[in-house]
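J.:
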Amino acid sequence: MEAEEKKTAGRDNLSTESWPEIVRDHQRYIYNLAYNLCHNRDEADDLAQEVFLKAFENLEGFRGDAKLRTWLSRITINTYLAKRRKKLKHESINLGYVSVPDWNENPERLAIKRELQWCIHHTLRLHLSKRHQVILVLRDLNGFSYEEIASMLNISLSAVKSRLHRARLAYRNHLIRSGCAGLVKDYSCYCEGVTET
Amino acid sequence: MKCGRVQSLFSLYYDQEISQEDEKIIASHLVQCDLCEREWRKFTSAVCVIKAAKEVDPPRDYSEWVKEYQKE
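Chains A and B are the protein sequences, given in the same order. Read left to right, the first sequence gives residues -5 to 191 (our numbering). Read left to right, the second sequence gives residues 101 to 172 (our numbering).
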């Protein structure tokens, strides 16, 4: 990921000719960011396409003082927030679309993993405020630094710190209230080493 | 440091965004305080759940779409 960033960082590398290559370098990352915001593959596809289009049409707007990936991420977030509609109705569990890569595992284990993935996205999508959702996605799913998040959201570093803390508490509290905590109680055996204690 | 203060720093402690001095104080507090230690476990479990989200494959190659778009 860092190598990709270096390859495309800086204003000098940007041109209409180089744009397809830049898109290729960043598309997986941007699509995943879009998916983590939308929690829906079709919406994420539309969002990613719109982001690459907007960025292409505003190449001159990239000043080179931020990483290209940060700039693209900022466009993704702004576009997402502008597009979003308030969908507050509760959805039933549909695990069919949930992506789980380890197909060789036994069905029971696979089902648990699917539920876990569903739980993550369901909670982010429907049980957190948009500002909490966005900051969790940026930090915990996409690994941006506090400084990058501050720049992207145009808020102070101290606002990032307090908002992130509140968002994580809100997420934790929802897991406990909803019973999802039961799903993840013995979580270390479901996710194979993700738990850090 | 009191429990409330310790718990308010969990997020920064998790991300190692606090001073070394505070880090030592919190680490020491968590060893001695069962309540905060339980809260810390809940906190880290929740963050780990979020981080367990899997990467997904993009449904198509957007660079090819971009090339087509540029031709238009």
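We treat Cβ as the ideally placed atom computed from N, Cα and C, and that holds for glycine.
Counting only the same chain and skipping the five closest in sequence on each side, list residues whose C-beta sits under 8 Å from that of I126 (chain B).
T.: Excluding sequence neighbours, I126 (chain B) sits near M101, V106, L109, Y113 and I118.
J.: Could you tell me whether the Cβ of D122 (chain B) comes closer than 9 Å to any Cβ of chain A?
T.: no
J.: Answer yes or no: do R35 (chain A) and S163 (chain B) have a C-beta to C-beta separation smaller than 9 Å?
T.: no
J.: Please report the distance separating the alpha-carbon of Y120 (chain B) from that of P159 (chain B).
T.: Note that residue 120 (chain B) is Gln in the sequence shown, not Tyr. If you take the alpha carbons of Q120 (chain B) and P159 (chain B), they lie about 45 Å apart.
J.: From T206 (chain A) to L47 (chain A), what does the alpha carbon distance come to, in whole angstroms?
T.: Residue 206 (chain A) is absent from the model: chain A starts at -5 and stops at 191.
J.: Suppose you measure from the CA of F138 (chain A) to the CA of L132 (chain A); what does that come to, to the nearest Å?
T.: 6 Å
J.: Please state if the CB of L158 (chain A) and the CB of S145 (chain B) are separated by a distance shorter than 9 Å.
T.: no
J.: Give me the chain B residues within the contact set of R22 (chain A), using Cβ-Cβ distance strictly less than 8 Å, ordered along the chain.
T.: Simply E155, D157 and P158.
J.: Going by C-alpha to C-alpha distance, which of A:I170, A:W13, A:L75 and A:N136 sits closest to K171 (chain B)?
T.: A:W13
J.: Taking 9 Å as the cut-off, decide whether the C-beta atoms of H33 (chain A) and L118 (chain A) are in contact.
T.: yes
J.: Under the assumption that A49 (chain A) contacts I69 (chain A) (Cβ atoms under 8 Å), give the Cβ distance between them as a whole number of angstroms.
T.: 6 Å
J.: For a cutoff of 9 Å on Cβ pairs, would you count A146 (chain B) as touching chain A?
T.: True, the Cβ-Cβ gap to chain A drops below 9 Å.
J.: Indicate whether at least one CB of chain A lies closer than 9 Å to the CB of V166 (chain B).
T.: yes
J.: For a test of the three-state rule: what should DSSP assign to S9 (chain A), helix, strand or coil?
T.: coil
J.: What is the rounded straight-line gap between the Cα of Y165 (chain A) and the Cα of E109 (chain A)?
T.: Distance between the alpha carbons of Y165 (chain A) and E109 (chain A) is about 16 Å.
J.: So which residues on chain A does Y113 (chain B) lean against when the C-beta distance must stay under 9 Å?
T.: Those do not exist, as Y113 (chain B) stays about 10 Å from chain A at its closest Cβ, beyond 9 Å.
J.: Between K171 (chain B) and chain A, is any beta-carbon pair separated by less than 9 Å?
T.: no
J.: For A144 (chain A) versus V128 (chain A), is the C-beta distance shorter than 9 Å?
T.: no
J.: Using a Cβ cut-off of 9 Å (strictly closer), state whether C32 (chain A) contacts chain B.
T.: no
J.: Is Q116 (chain B) helix, strand or coil when you go by DSSP?
T.: coil
J.: Alpha carbons only, please: which of B:C136, B:C103 and B:D161 is nearest the one belonging to Q43 (chain A)?
T.: B:D161
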